[in-house]
Amino acid sequence: MANNLEILILAAGKGTRMNSDTPKVLQPLLGIPMIEHVVAKSLSLKPKKITMLIHKGLKFLEKKYPKINFIIQEPQLGTGHAVQIFTKKNNTKKNNVLVLYGDNPLIDEQDLKKVVLHLKNNHICLLGFEQKNNSSYGVIVEKNNQVESIVEYKDATEEQKKIEICNSGIMGLSSKVLSYIFDIKNNNKKKEFYLTDIVKISKKYNHLTKLIVAKNSNSALGVNDMKELSVAEKILQDSLRDKALKHGVHMKSPETVFLSKDTKFGKNVTIDPYVVIGAKVVIGNQVHIQSFSHIENAVIKNKVSIGPYARIRPGTILNDNSKVGNFVEIKNSKIDKFSKVNHLSYVGDADVGERVNIGAGTITCNYDGVKKSKTKIKKNSFIGSNTSLVAPVTIGKNSIIGAGSVITKNVNDNKLALTRAEQKEIRLSKKIKKK
Ligand code: UD1
Ligand code: CA
């Protein structure tokens, strides 16, 4: 994009309204920290440089994003103060700066591009958005179709509070305008330095402000508290669901299905109500996921049936025509073609061959308290109900394990193995009387 463009992300705020020990910009959205959404959008604009303003508690981000320049703002005296600190410490004074807020994760890339485009010919370019019944955002005050100022909601008159074009926080500033940044003072209700005051200040210097209105108001959502975080999550989930429905995924009750950004679907997939799909899940064709199942970091091939009430954990591969039934947990295991784990089982660190039947209540005992070990079950074997397979252990092909066994040694191919104690019958000395 514009080759003299820098991006400044403001992320140093205390985030007190979150009422949480986790810093606001690290709160998860679609399973990733809110700030990652903003960073990804910043990178997509290909600016010359990205700087992030942070508080000391976020210093670890320096390692995570080696290409971003970090500046610490202590204390945090407001968004205007943040840009003052940036202007003081930044060594490239000639660039235009696009200011993004770390708590604006839904912002639309096309809107950002528009702001950058108009910044070329204007000293300030604002991104506003339409909001009926505003009760918190700064409002954009216009006169004769010219932007006069931004007034924070708390400082607005009753008349101004009715304005329906609000400030998203996204603002493009020319290098010229940045030279007035120290004119911002903190004479307002919150005694903070408001970046938004730069609009009025620039007007004094005869610089006009261009206003762009966001295509979709949802994209301007500011996430300040848990309620707004849940609204942001809902907006993103809804768009993932819409995408899946368009792709042909059948969901009777899409609002109860939770997806991830990277969920991949094949054709003719059905997802019943109340299913959660975490990150890194690839789903093939003709897969049926039944209610109350939870899947993360797994590959589900074709014609697989899962659930209801199944938990598919990271590292799992369910091959074609396999079936995982109710109250079954599978972790870091491969279940090969036509194999079934239908009821109440734990399969962890296992390699299960083709056409294996794992009976109800089978447990792979993969952890001895110190290390994890593997279980291998070769093709066509049958594991009787309530079996414990103490790993490391291998069950040969075409073998049968008798129900209730505790298998501690390898079982050869084509064998029946069982460790069950013999059943005895003992004569009763007198008839048991019911009380
Ligand atoms: C801000 C705008 C408001 C706008 C709203 C949009 C100002 C004064 N007000 O209000 O007009 O409608 O966003 O969501 O800008 N931050 C710092 N250092 C600070 C203070 C804040 O880096 O000293 C960062 C925060 O981490 C946050 C962003 O700046 O990411 C915005 O700050 P916040 O306090 O959330 O501003 P709002 O009250 O939401
Ligand atoms: Ca905010």
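Going by this note's numbering, the first residue of the sequence shown is number 1371, and it counts up by one from there.
Virtual Cβ for every residue (Gly too), placed ideally from N, Cα, C.
Closest to residue i by C-alpha separation, out of the options, would be which residue?
i	options	result
Gln-1480	Leu-1497, Asn-1465, Asn-1466, His-1493	Leu-1497
Lys-1616	Thr-1686, Lys-1637, Ile-1605	Lys-1637
Lys-1742	Pro-1762, Gly-1677, Asn-1756	Pro-1762
Thr-1527	Leu-1788, His-1658, Ser-1505, Pro-1684	Ser-1505
Phe-1430	Leu-1396, Lys-1463, Glu-1444	Leu-1396
Ile-1455	Leu-1610, Asn-1466, Glu-1432, Ala-1382	Ala-1382
Lys-1384	Leu-1400, Phe-1635, Gly-1508, Thr-1449	Thr-1449
Gly-1427	Lys-1458, Thr-1392, Lys-1416	Thr-1392
Ser-1600	Pro-1398, Lys-1804, Phe-1635	Pro-1398
Asp-1525	Arg-1797, Ile-1765, Thr-1778, Asp-1567	Asp-1567
Asn-1702	Thr-1778, Arg-1725, Val-1726, Asn-1736	Asn-1736
Leu-1610	Ser-1572, Asp-1632, Glu-1376	Asp-1632
Lys-1513	Leu-1578, Pro-1684, Ser-1799, Asn-1655	Leu-1578
I'd like to check one pair, residue j with residue i: are the Cβ atoms closer than 8 Å?
i	j	result
Val-1645	Ser-1663	yes
Ser-1769	Val-1781	yes
Leu-1378	Val-1469	yes
Pro-1643	Ser-1675	no
Leu-1363	Ala-1602	Not covered by the structure: residue 1363. The range shown for the chain is 1371 to 1805.
Ser-1709	Val-1698	no
Gly-1648	Ser-1661	no
His-1425	Ile-1405	no
Asn-1756	Gly-1774	yes
Ile-1540	Leu-1482	yes
Lys-1704	Ile-1687	yes
Asn-1588	Asn-1466	no
Lys-1464	Ser-1544	no
Phe-1563	His-1493	no
Tyr-1523	Gly-1542	no
Val-1740	Ser-1758	no
Glu-1598	Thr-1462	no
Rounding to the nearest angstrom, what Cα-Cα distance links residue i and residue j in this structure?
i	j	result
Ala-1791	Gly-1729	19 Å
Lys-1394	Glu-1529	32 Å
Leu-1413	Tyr-1575	32 Å
Glu-1534	Leu-1565	20 Å
Lys-1418	Gly-1472	19 Å
Asn-1491	Leu-1423	27 Å
Lys-1673	Ala-1680	16 Å
His-1407	Leu-1606	11 Å
His-1488	Cys-1495	7 Å
Asp-1738	Lys-1707	29 Å
Met-1371	Thr-1745	Here Met-1371 scores only 44 on pLDDT, less than 50, and its place in the model should not be relied on; the value that follows carries that caveat. So the two alpha carbons sit approximately 54 Å from each other.
Glu-1625	Lys-1613	13 Å
Asn-1557	Lys-1570	14 Å
Val-1453	Ala-1410	21 Å
Ile-1653	Asp-1690	11 Å
Asn-1537	Phe-1499	7 Å
Lys-1560	Lys-1434	33 Å
Asn-1389	Met-1596	8 Å
Asn-1515	Glu-1432	43 Å
Val-1717	Val-1651	19 Å
Thr-1734	Ile-1659	24 Å
Gln-1793	Gly-1754	17 Å
Gly-1618	Val-1639	7 Å
Lys-1634	Lys-1502	37 Å
Leu-1788	Leu-1400	47 Å
Ile-1700	Asp-1608	28 Å
Lys-1604	Lys-1804	59 Å
Ala-1720	Thr-1764	10 Å
Pro-1445	Pro-1403	23 Å
Lys-1416	Arg-1725	52 Å
What does a CB cutoff of less than 8 Å around residue i pick up in its chain, not counting 5 residues either side in sequence?
i	result
Lys-1767	Gly-1723, Lys-1748, Lys-1749, Asn-1750, Ser-1751, Asp-1783, Asn-1784
Val-1511	Val-1517, Glu-1518, Ser-1519, Ile-1520, Val-1521, Gln-1530, Ile-1533
Excluding the 5 residues preceding and the 5 following residue i in the sequence, name in chain order all residues of the same chain whose CB lies nearer than 6 Å to its CB.
i	result
Asn-1712	Gly-1695
Asn-1594	Arg-1387
Val-1627	Met-1621, Ile-1641, Val-1645
Ala-1590	Phe-1499, Ser-1538, Ala-1584
Thr-1457	Leu-1548, Ile-1551
Gly-1731	Leu-1714, Ser-1755, Asn-1756
Ile-1582	Lys-1484, Val-1485, Leu-1497
Val-1669	Val-1652, Ile-1687
Val-1657	Val-1639, Ile-1670, Val-1674
Ser-1692	Val-1674, Ile-1705, Ser-1709
Lys-1580	His-1488, Asn-1492, Cys-1495
Ile-1665	Ile-1647, Val-1651, Ile-1682
Kindly examine ligand 3 and report whether one of its heavy atoms sits closer than 7 Å to the Cβ of residue i.
i	result
Cys-1536	In terms of ligand content, the structure shown lacks ligand 3 and carries ligand 1 and ligand 2 instead.
I'd like the list of long-range same chain contacts for residue i, defined as Cβ closer than 7 Å, with 5 residues on each side in sequence excluded.
i	result
Asn-1460	Thr-1421
Asn-1586	Asp-1478
Counting only beta-carbon atoms, is residue i nearer than 8 Å to chain D?
i	result
Glu-1376	Checking the listed chains, one finds no chain D in this structure; it contains a single protein chain.
If contact is defined by three or more beta carbon pairs under 8 Å, each pair taking one atom from either stretch, is the segment 1437–1444 in contact with the segment 1533–1551? no
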